[in-house]
Every structure is written in C-alpha cells, then in structure tokens.
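Visitor: One structure is given below, represented as structure tokens, and several questions about it will come after.
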Amino acid sequence: MTFPKAPKGLRLTQTKEPALSRPVKTLTAPKMLYLPAREDDKLYVQPKKAALAGMPIYPTDSHFGVSFPVYRDSVLTGFRTFPDTYHDVSFASLACTEGGSFTSIPECEMPPAPEDILGLSRACAIWDNCDHTPLHKKLARYMEETVQTLIVYGIDDQPYISVNSSPVFAEPELLLKGIELANQLIGAANIRILLPKDLGEDAPKSPKKLGGDIPVSTLRVRYPHRATALANETTVVISAEALVRLALAFSWDAGGMMTTVSVMGDCVSEPCNVRVPVGTPVEEVLEFAGLSEEPRAVILGGSLTGSVITDLATPILPGMRGVLAFRKAKSPRQYDCIGCGKCIQVCPQNLMPVYIYKAYQGNNKDEMKRLKVLACTDCGCCSYICPSNLELTNTLKQTKRLIKEDVFDEAD
Ligand code: SF4
Ligand code: SF4
871 MTFPKAPKGL RLTQTKEPAL SRPVKTLTAP KMLYLPARED DKLYVQPKKA ALAGMPIYPT
931 DSHFGVSFPV YRDSVLTGFR TFPDTYHDVS FASLACTEGG SFTSIPECEM PPAPEDILGL
991 SRACAIWDNC DHTPLHKKLA RYMEETVQTL IVYGIDDQPY ISVNSSPVFA EPELLLKGIE
1051 LANQLIGAAN IRILLPKDLG EDAPKSPKKL GGDIPVSTLR VRYPHRATAL ANETTVVISA
1111 EALVRLALAF SWDAGGMMTT VSVMGDCVSE PCNVRVPVGT PVEEVLEFAG LSEEPRAVIL
1171 GGSLTGSVIT DLATPILPGM RGVLAFRKAK SPRQYDCIGC GKCIQVCPQN LMPVYIYKAY
1231 QGNNKDEMKR LKVLACTDCG CCSYICPSNL ELTNTLKQTK RLIKEDVFDE AD
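If you count by my numbering, then the sequence shown holds residues 871 to 1282, one letter each, in order.
This is the structure in structure tokens:
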C-alpha cells in the first residue's frame, strides 16, 4: 500500500519522549467540570435500550456534534464562557463531590449491537482528532459504504504531542479492542496501523505487527499531515486515540468519557500522556501531572496550532491533544517583513499570508476576500517560518473573523 506525500509542509524535529514511552496516567476524580450546555438546555436521560441507559447527558451541542456525559454526584453551580478559547460557547460549571464517579455503564451483550456502539460513541463525546469528526458520524457513514481498508492513524505531526502514537506502544490491547469494535460496523477486509517514521531519537522502535496480524506501516511525515488525504469511499481513517476511547467505553465505567492529552513542557516534572474526563480544567490536569515550577506560559492544543491561555480553568474538550507548560512566554522581537516569501512557499493551502497580513493592516476587506483567507486552516506554518517573527497566523484568524462577520451582516 502506498500513501500520498504532502506536497508542502515543514520538516520538524519531533520531540515525543519521554511521554511516549511512559504509561498513560488517568485522572478519574476531577474537582470541577465544564461541559458545553446552555442555560435552557435540559439534562437528557439516555433511553433504556441504549448502552448508556439511564445516563444523564447534555444534549448534542451544535458546536461539537456530540453529547456530553454528566458526572454523577456533581452540583450545577452556574453557567459561564471562555471567550478567549471557545467563542460563543456556553458551559455548565459542575462541582464534583468527593468520591463521586461517572454513572456506571450497564452491562451490554458482547459483541454489542451496532446501535450500542454508535450510541456510546455519541453519548461519550468521542471525537476523532485526525479530521475533527464525531466518531459516531464517521462510523454511521462508512456502515453504508463497502469499505476495503481501515487505516488506524497513529500519527501526531506536531512536536511534543503523542496521543495517537502512544496507544501502539503503551496500550496495544485497548487499541486492538477498539479496532475490533469499529470494524464490526464498517467491515474492512484490510486493517493497517500507520505511524510516523521519525518519532525522535530516543523513541522506541515501531513494531512490525500488532495483535499478530495487523501490519504497522511507517510514513515520513511533514507538518501539517492530512489524514483526510488518505481516505476515500473504500478507505476509512480513524485515529488510534478515538479507537482506544471506544474500547474504554465498553470496558470500564468512566472510560468512554475520557480524552487523552500529552502534558509536556519544561515546567512539567514528569511529562506524560494523561487521560482525563472531558470538561476537566487545564489547572487540574497540570496539578495531576505535576509541576516543577509555576509556568509563565500555558498552551492548550497542539504545539503549533494551540493557543496560549490565561484562564487555567479552561476545560479540555474532545479533540484537544496537548497541554504545554513553559517557563518563558515566547515573545520574540518582531521586525518588518523582509519580503523573503517563505510564508508563501510553505503554506499548504497555497495562500499568500504576507499579502493578507498587509491587507489586514490596511483594513482592506476586498483584498482579504480576493486573497481567499477563508481557506486558511490555522496550521501555523507561516508564523513558524517567518524570519521577522510576524504573528501571521493570529492575524489571519482575526481576518477570517472579520470576513465572516461581514458575510453575516450582508445576509441580515
Ligand atoms: S496558517 Fe493559514 S496562511 Fe499560514 S501557512 Fe497555514 S494555511 Fe497558510
Ligand atoms: S515570511 Fe515573514 S518576512 Fe518573509 S515574506 Fe512572509 S511575512 Fe515577510
């Protein structure tokens, strides 16, 4: 099997150790949870026939396309927002009582019925980080197709992050269980696990096979790597992290409500991958992983695509892959553009970041639209490469917001 190569992108040194070869730690009892919900949302109890019978959830949120499970023995203390990170999303604040837990998942028959697998994926907010799709939607779509190949995506193309590659090394049995459950619905004849060729100097060697007969392929990856480029009508790509969550959902009470983040940075005493309930605040994740000193900068998300957060109560939601805590805030001096064109060369969307940046500074909306800024994927390559340290990606984000507001205004 051959895999398409990314035409553009950055060759980055991937630092995955020591988190990659450490066991995954699990935080089971958070003190607070913040779950997407509006004040007029009513708690919804799963119908009896579903695998999560009797489990209270907040209903599907339009921003995420999944439901959010409610921690048993938690007290709703109010509603709030995190405008710097999640625009226009309202969160329910839940104080969790000591000794509380998630509602037990009732025993369901094995192998589970397809609707139980889909129902559990949806109700546990399982999100596939490789293409930002709710897992239940992807599985339901491919149930209708004749799938030949399932690619298990074990690639994390950003430095420090190892949530997709870690299951192959740290939790192969759970990964195999998740593959079995997903393949029960999609029925792929061929299954292949995909890992990056370069996991860093100290990383363990990739196995040739998993579970005796599932081949493991390695790929030389550039950032940004696109899982979607590997998928088509007969090939489905699912991240290893989503498959592990699916397996956990059937094997352990709280497992399905957990998402995994890599916790790294020079303030973290023991960098590792941590499994936490969705909605756990960043400060609790850092406290659990252990800090050697107070961080000056905390980044939520990927090392390239993440955002610096100042409110450490910001919750971890499905699809977030990292929490990075550093001693120094990165504030390199910025210089004028020297016209080197590197930002244009590196942009995987074939945009011209420097010209969009200038159009934004000149408040020239027509020019911003002409330069197709809405196609920007926020990958961060242009900012990374710019020798003048210009905040290109952030500026492009602002630009996109301006253009979208304009579109809405025109529609009114
Ligand atoms: S952030 Fe946007 S403009 Fe910059 S390289 Fe990525 S896609 Fe291109
Ligand atoms: S990479 Fe930076 S300095 Fe070079 S053209 Fe782009 S904005 Fe200007």
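For glycine and all other residues, C-beta sits at the position ideal for the given N, C-alpha and C. Values in this document were obtained by computation on a predicted structure and should not be read as measured data.
Could you tell me which residues DSSP puts in a beta bridge with P1085?
Guide: Answer is K1079.
Visitor: Quick one: grab the DSSP three-state call for R950.
Guide: Strand.
Visitor: Whose C-alpha, out of G935, I1214, E1071 and H1095, is nearest the C-alpha of R881?
Guide: Cα-wise, what sits closest to R881 is H1095.
Visitor: Taking just the CA atoms, how far does P1042 sit from P893?
Guide: Each residue's Cα considered, the two are about 12 Å apart.
Visitor: Measure the C-alpha to C-alpha separation of Y904 and F934 and round it to an integer number of angstroms.
Guide: Distance between the alpha carbons of Y904 and F934: 14 Å.
Visitor: Below 8 Å CB to CB, which residues in the same chain sit around S1121 once its five sequence neighbours on both sides are set aside?
Guide: Answer for S1121: L1044 and K1047, listed in chain order.
Visitor: DSSP three-state label for F934, please.
Guide: Three-state result, F934: coil.
Visitor: Cβ atoms of V1114 and Y1012: under 8 Å apart, would you say?
Guide: Not in contact: Y1012 and V1114 (Cβ atoms no closer than 8 Å).
Visitor: For the alpha helix (DSSP H) containing N1143, list its first residue and its last residue.
Guide: Careful: N1143 lies outside any alpha helix (DSSP H), inside the beta strand (DSSP E) at C1142 to P1147.
Visitor: C1256 and P1218 look like a contact to me (Cβ under 8 Å); what is the Cβ gap, rounded to whole Å?
Guide: Not quite, the Cβ-Cβ distance comes to about 15 Å (not below 8 Å), so this is no contact.
Visitor: Would you identify the three-state DSSP class for V1224, choosing helix, strand or coil?
Guide: Note: V1224 maps to helix in three-state DSSP.
Visitor: What number of angstroms, rounded off, separates the C-alpha of L1266 from the C-alpha of G1082?
Guide: The alpha-carbon atoms of L1266 and G1082 are separated by roughly 47 Å.
Visitor: For the candidate residues L1182, P1188 and V945, whose alpha-carbon lies nearest to that of R992?
Guide: Comparing Cα positions, the closest option is P1188.
Visitor: Select from A1010, R1203, T1019 and L1174 the residue whose C-alpha is nearest the C-alpha of G1192.
Guide: For G1192, the nearest C-alpha among the options comes from L1174.
Visitor: Indicate whether S1087 and L890 have their beta-carbon atoms separated by less than 8 Å.
Guide: It is not a contact, given that the beta carbons lie outside the stated cut-off.
Visitor: Look at the Cβ atom of V1178, then the Cβ atom of I1169, and state whether they are nearer than 8 Å.
Guide: Yes, the Cβ-Cβ distance between V1178 and I1169 is below 8 Å.
Visitor: Roughly how many whole angstroms lie between the Cα atoms of G1171 and M1190?
Guide: Approximately 5 Å, taken between the alpha carbons.
Visitor: Which residue from E1157, M1128, A1119 and L1118 puts its Cα closest to that of M1134?
Guide: Cα-wise, what sits closest to M1134 is E1157.
Visitor: With distances taken between CB atoms, is the gap from D954 to T1180 smaller than 8 Å?
Guide: Cβ atoms of D954 and T1180: closer than 8 Å.
Visitor: For A1019 versus N1060, is the C-beta spacing smaller than 8 Å?
Guide: Residue identity check: residue 1019 is Thr in the sequence provided, not Ala. Going by C-beta atoms, T1019 is nearer than 8 Å to N1060.
Visitor: Between the region 1137 to 1153 and the region 1050 to 1058, can you find at least three pairs of beta-carbon atoms closer than 8 Å?
Guide: Touching, no, given that fewer than three Cβ pairs across the two stretches are closer than 8 Å.
Visitor: Can you name the residues that DSSP bridges to V1048?
Guide: According to the sequence as given, residue 1048 is Gly; it is not Val. Per DSSP, none; premise fails for G1048.
Visitor: Under the rule that 16 or more other beta-carbon atoms within 10 Å means buried, what is H1006, buried or exposed?
Guide: With 16 or more other Cβ atoms within 10 Å, it is buried.
Visitor: I want to check one thing, is the minimum distance from the CB of D1083 to the heavy atoms of ligand 1 below 7 Å?
Guide: No, the Cβ of D1083 stays beyond 7 Å of every heavy atom of ligand 1.
Visitor: Any heavy atom of ligand 2 inside 7 Å of the beta-carbon of Y1254?
Guide: Y1254: no, Cβ never under 7 Å from ligand 2.
Visitor: In whole angstroms, what is the alpha-carbon distance linking N1259 and W997?
Guide: Each residue's Cα considered, the two are about 33 Å apart.
Visitor: Rounded to whole angstroms, how far is the Cβ of I1021 from the Cβ of N1034, which I believe are closer than 8 Å?
Guide: Actually they do not touch by this definition, with Cβ atoms about 12 Å apart.
Visitor: Taking 7 Å as the limit between beta carbons, can you name the residues of its chain near Y1023, skipping five residues before and five after?
Guide: The residues are C1000, N1034, L1064, A1097, V1107, I1108, S1109 and A1110.
Visitor: For V1224, is the classification buried or exposed, using 16 other Cβ atoms within 10 angstroms of its Cβ as the cut-off for buried?
Guide: Classification for V1224: buried.
Visitor: For S944 versus T951, is the C-beta spacing smaller than 8 Å?
Guide: Result no, Cβ atoms of S944 and T951 do not sit closer than 8 Å.
Visitor: Restricting to Cα atoms, I'd like to know which of T1263, P982, S937 and D1072 is closest to G1149.
Guide: The candidate whose alpha carbon is nearest that of G1149 is S937.
Visitor: Can you tell me where the alpha helix (DSSP H) with H1006 in it begins and where it stops?
Guide: L1005 to M1013 is the extent of the alpha helix (DSSP H) around H1006.
Visitor: Ordered along the chain, which non-local residues of its own chain (more than five positions away) have a Cβ less than 8 Å from that of L1241?
Guide: Answer for L1241: L1221, M1222, Y1225, I1226 and A1229, listed in chain order.
Visitor: DSSP three-state label for M1190, please.
Guide: If DSSP states are grouped into helix, strand and coil, M1190 belongs with coil.
Visitor: Should T1227 be counted as a contact of ligand 2 given a C-beta to heavy atom distance under 7 Å?
Guide: Checking the sequence, you will find Tyr at residue 1227 rather than Thr. Yes, ligand 2 has a heavy atom inside 7 Å of this Cβ.
Visitor: Helix, strand or coil for K895 per DSSP?
Guide: DSSP places K895 in strand when its eight states are reduced to three.
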